[in-house]
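First up is the structure itself, then whatever we jot down about it.
Residue numbers (our numbering): 8 to 544.
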């Protein structure tokens, strides 16, 4: 059995480091009168920034001469403008201009869940401090595109802290998880129902095509001994070099630096389970509906940050700030490598179909081996409130399962034929920027039809939609297309996104999210055809 950490517990050591090593509650405002200051800084971490506070902060920063451009991501479901800020010196207007100048694009997104607020405060402070020279590598090497309060609806839907986030130690009040349409925006990346995600697709991915995406959250799962947990893009089908560099280079270096320089302990995002022997530490789903997995499907680096909810608010801000800054510092120090890896991943993706490549439809976790994970050492005689941190933690051996392998895969076709009637799906194809052509005349193509042998639908709506699954078998046929039908080629960098969206039995595609005009029926062909004939570009 693992032995508890002796006397001065690890958790106490972490808190001591926060106070002694400069990770205190708020900045010393008297030491620098320039500002602007976040709401958290000016209230000693008792409050979090409203949308008006965020806009005022950015306006003040711009007025002081910071090299930022302030615009909007669009309007939220509730009709609120979502602030978008670009930090670049010299200025640039899009991702191609950034690339032409040798700079990588980093997209920093916070507050996707309205009650998870420290990322918002950290993002604002980082923008300010970068303009003051605290991060000297950033401006010469990077363009930082930032949406500090992505879920503006949730941010403004304030309620008592312990009602909104029962496992979170401040602030009070905080916002709500969902937008005004009651959508969880971290489940919307493929179906793109929300105006918020549509804004990301049109004004972030289409305009900037970021090399790195940072998504800042708070976790309230297992009571562990880490200030913050993290994740790269998950899934067995993420480009292998993107996977390797994320896990073995970037995040390993960041975790080491945080421990050595600041005494901040971090670990892979996950939760502990005793359902099997040995205990397991398991991450979340590899589906691309999640922000950082979606980035991975697009051959980009997606980094999830999850501050630990039962740490005091000031400490969560500090841990998130340190983590985010350390990730961006690493990217700025390896900018040529980051740009090259993304470009090479795009090239490999374009060649997947011609090389008889396959992509997955079902996955399972794989073991990284046995590792000690720091968990709360519970005292039945003095139980802790859910929103307060452990008094002691101890190392417990776990089978760490944060990687995935494919258990069901399928060859990539030459492309997919989408009937012109599928207007919802065609809208998503365009939003995602998938390479496609609208046929202007009839063509005879060899295709595979997915004939449905079994189908099911969820009894309740999830994310405002009925979730569906289908099973079936493929039958080859000669298909006469029509003018107006859509042809999506697999010879493109976004082949993974196309595969996820268009395969009939994809677990995160058009069928899953009921994006089709007709309900799938047993004994009928799925409307989307896999094209086997060579496609002319």
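For every residue, glycine included, the Cβ atom is placed at its ideal position computed from N, Cα and C.
Alpha-carbon spacing of residue 132 relative to residue 404, whole angstroms: As a first step, residue 132 is located in the chain shown; it is residue number 125 there, counting from the start. As a first step, residue 404 is located in the chain shown; it is residue number 397 there, counting from the start. The straight-line gap from Cα to Cα measures roughly 38 Å.
Which of the three DSSP states, helix, strand or coil, is assigned to residue 193? In the chain shown, the residue the question calls residue 193 occupies position 186. The answer is helix: DSSP assigns residue 193 an H, G or I state.
Out of curiosity, what's the CA-to-CA distance linking residue 540 and residue 170? To locate residue 540, count along the chain shown from 1; it is residue 533. To locate residue 170, count along the chain shown from 1; it is residue 163. So the two alpha carbons sit approximately 57 Å from each other.
Beta strand (DSSP E) segment containing residue 82, residue limits: Within the chain shown, the letter at position 75 stands for residue 82. Counting along the chain, the beta strand (DSSP E) containing residue 82 begins and ends at 75-82.
Residue 245, buried or exposed, once every other Cβ within 10 Å from all chains shown has been counted against 16: On the chain shown, residue 245 is found 238 positions in, with the first residue counted as 1. By the 10 Å Cβ count, residue 245 comes out buried.
Short Cβ contact (7 Å threshold) for residue 249 with residue 339: In the chain shown, residue 249 corresponds to position 242, counting from 1. In the chain shown, residue 339 corresponds to position 332, counting from 1. Contact flag unset, no.
With a Cβ-Cβ cutoff of 7 Å, do residue 113 and residue 149 count as a contact? As a working note, residue 113 is residue 106 in the chain shown. As a working note, residue 149 is residue 142 in the chain shown. Yes, these two residues count as a Cβ contact at 7 Å.
Can you look up residue 150 in the DSSP assignment and give me helix, strand or coil? Along the chain shown, one-based indexing puts residue 150 at 143. Reduced to three states, the DSSP call for residue 150 is strand.
Hey, does residue 175 have any beta-carbon neighbour from chain B nearer than 7 Å? Absence of chain B from the displayed structure is noted, only one protein chain being present.
Assuming contact is defined by CB atoms lying nearer than 7 Å, are residue 287 and residue 408 in contact in what I supplied? Taking the first residue of the chain shown as position 1, residue 287 is located at position 280. Taking the first residue of the chain shown as position 1, residue 408 is located at position 401. Yes.
Proximity of residue 497 and residue 422 at Cβ, strictly below 7 Å: On the chain shown, residue 497 is found 490 positions in, with the first residue counted as 1. On the chain shown, residue 422 is found 415 positions in, with the first residue counted as 1. Cβ distance < 7 Å, so residue 497 and residue 422 count as in contact.
By Cβ distance, which residues of its chain are closer than 7 Å to residue 101, with the 5 residues on each side in sequence left out? Walking along the chain shown from the start, residue 101 turns up at place 94. Contacts found: 214 and 215.
Please report the straight-line C-alpha distance between residue 401 and residue 241, rounded to a whole angstrom. If you number the chain shown from 1, residue 401 lands on position 394. If you number the chain shown from 1, residue 241 lands on position 234. Approximately 28 Å between the Cα atoms of the pair.
For residue 448, which option in 493, 455, 266 and 419 has the closest C-alpha, if you only look at C-alpha atoms? Counting from one through the chain shown, the residue named residue 448 turns up at place 441. Measuring from the Cα of residue 448, the nearest candidate turns out to be 493.
Just the Cα atoms here: how many angstroms apart are residue 77 and residue 428? The residue you call residue 77 lines up with position 70 of the chain shown. The residue you call residue 428 lines up with position 421 of the chain shown. Using only the alpha carbons, I get a separation of about 39 Å.
Where DSSP assigns a beta bridge to residue 549, which residues make up the other side? Absent from the model: residue 549. The displayed extent of the chain is 8 to 544, so no value can be given.
Using the Cα positions of residue 139 and residue 470, report the straight-line distance between them to the nearest angstrom. Along the chain shown, read from residue 1 onward, the residue named residue 139 stands at position 132. Along the chain shown, read from residue 1 onward, the residue named residue 470 stands at position 463. When rounded, the distance between both Cα atoms is 42 Å.
I need the straight-line Cα distance from residue 316 to residue 227, nearest angstrom please. To locate residue 316, count along the chain shown from 1; it is residue 309. To locate residue 227, count along the chain shown from 1; it is residue 220. Their Cα atoms are separated by approximately 5 Å.
What's the gap between the Cα of residue 109 and the Cα of residue 65? By one-based count along the chain shown, residue 109 stands at place 102. By one-based count along the chain shown, residue 65 stands at place 58. Spanning the two alpha carbons is a distance of roughly 26 Å.
So within the stretch 373-447, which uninterrupted alpha helix (DSSP H) runs reach at least 4 residues, ignoring any that extend past its ends? 430-438
Need the endpoints of the alpha helix (DSSP H) that residue 357 sits in, please. Your numbering for residue 357 matches position 350 in the chain shown. Start and end: 342-358.
Taking the DSSP output, what are the residues bridged to residue 472? Translated into positions along the chain shown, residue 472 becomes position 465. Note: residue 472 sits in a beta bridge opposite 469.
Taking the alpha carbon of residue 136 as the reference point, which residue from 272, 489, 512 and 44 has its own alpha carbon closest? Here residue 136 is taken as the residue at index 129 of the chain shown, counted from 1. Of the listed residues, the one whose Cα sits closest to residue 136 is 44.
DSSP beta-bridge partners of residue 278: Within the chain shown, numbered from 1, the residue matching residue 278 stands at position 271. In the DSSP output, where bridge partners are listed per residue, residue 278 has 289.
Using the DSSP secondary-structure output, state which residues sit across from residue 283 in a beta bridge. One-based indexing of the chain shown puts residue 283 at position 276. The secondary-structure analysis by DSSP pairs residue 283 with nothing; it has no beta-bridge partner.
DSSP state of residue 484, grouped into three classes? Translated into the one-based positions of the chain shown, residue 484 becomes position 477. Assigned with DSSP and collapsed to three states, residue 484 falls in strand.
Could you tell me the distance, in whole angstroms, from the CA atom of residue 295 to the CA atom of residue 310? Translated into the one-based positions of the chain shown, residue 295 becomes position 288. Translated into the one-based positions of the chain shown, residue 310 becomes position 303. Answer to the nearest angstrom: the Cα atoms are 13 Å apart.
Please report how far the alpha carbon of residue 473 lies from the alpha carbon of residue 200, in whole angstroms. Against the chain shown, residue 473 aligns to sequence position 466. Against the chain shown, residue 200 aligns to sequence position 193. Computed Cα separation, rounded: 13 Å.
Cβ contact check for the stretch 316-325 and the stretch 172-180: 3 or more pairs under 8 Å: yes
State the DSSP-derived secondary structure class of residue 238, mapped to helix, strand or coil. Locating residue 238 in the chain shown gives position 231, counting from the first residue. Collapsing the DSSP output to three states places residue 238 in a strand.
Could you work out which residue in 377, 128, 397 and 529 is closest to residue 386 when comparing CA atoms only? Position 379 of the chain shown, counted from the start, is the residue given in the question as residue 386. Of the listed residues, the one whose Cα sits closest to residue 386 is 397.
Taking the alpha-carbon of residue 509 as reference, which of 426, 84, 285 and 529 has the nearest alpha-carbon? Within the chain shown, residue 509 is the residue found at index 502, counting from 1. Minimum Cα distance to residue 509 is reached at 426.
Buried or exposed by the 16-neighbour rule on C-beta atoms within 10 Å, applied to residue 445: The sequence position of residue 445 within the chain shown is 438, counting from 1. The residue in question, residue 445, is exposed, as its Cβ has fewer than 16 Cβ neighbours within 10 Å.
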